[in-house]
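What follows is a short report on a single structure.
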Amino acid sequence: MFIYLFIYFKKKVDDSQKVGEGGGIDSENIEVLYLPIEELREFLFDETKVKSAGLLFAMTWFLHKYGGEYLGNEEGNKNKN
Numbered sequence: 427m428f429i430y431l432f433i434y435f436k437k438k439v440d441d442s443q444k445v446g447e448g449g450g451i452d453s454e455n456i457e458v459l460y461l462p463i464e465e466l467r468e469f470l471f472d473e474t475k476v477k478s479a480g481l482l483f484a485m486t487w488f489l490h491k492y493g494g495e496y497l498g499n500e501e502g503n504k505n506k507n
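Quick note, my numbering runs 426 ahead of the 1-based positions in the sequence shown.
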């Protein structure tokens, strides 16, 4: 049996919180992307951009759970529980 656990943190950030260039430790190569919420769905379905299954899962969940809150409609707010 396989059990998958995803932990997802949601936080609004801006450039004033930036403390340095890059990200990760040792040999990690973490790229920070600025993506407006309005472009998230298009990004998820863009096959020219490589995305991990975990990222796809988390962002799809985010849109389902909070999309209406951020995009100004009630669809994303129906399933707040």
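Don't be surprised by glycine CBs; every beta carbon is placed ideally from N, CA and C.
Take the alpha-carbon of Leu470 and the one of Asp441: they are about 24 Å apart. The beta carbons of Arg467 and Leu489 sit about 6 Å from each other, so the pair counts as a contact at 8 Å. Nearest C-alpha to Glu465 among Gln443, Lys436, Thr486: Thr486. Spanning the alpha carbons of Gln443 and Ser478 requires a straight line of approximately 26 Å.
In the assembly as shown, Gly493 is a buried residue. Its beta-carbon has 16 or more other beta-carbons within 10 Å.
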